[in-house]
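One structure is given here, and the rest of the page talks about it.
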Amino acid sequence: MPQFSQLKNHLDGILAAKLKATNDEFLPADDYMEKWNYLYDRKDSLRKENYLELNR
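What follows is the structure, given as structure tokens:
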């Protein structure tokens with residue numbers, strides 16, 4: 001929505017500054033799951049029903 005683009009840009013800037021200050025890459029969830037060798041289950045993810053069978 002165009003009327004919120006300025007606010008979005010402002011908030012994106014704040015988030016980027018905070019992530020940089022804490023050296024946080026803010027990776028996608030799948031990257032953390034792989035890093036910690038954790039598998040999603042049906043209670044902690046909005047993935048499709050067969051997610052656990054795919055690519056594992």
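Residue numbers (the working numbering): 1 to 56.
Backbone N, C-alpha and C define an ideal beta-carbon position, used for all residues, glycine too.
Computed from a predicted model, the values in this text were never measured in an experiment.
Item, Value
"Element boundaries [alpha helix (DSSP H), containing D31]", "29-35"
"Where L19 sits in the DSSP three-state scheme", "helix"
"Inter-residue Cα distance where the pair is D41 and E25", "25 Å"
"Reduced DSSP category for F4 - H, G, I as helix; E, B as strand; rest coil", "helix"
"Simplified DSSP assignment, three categories, for D24", "coil"
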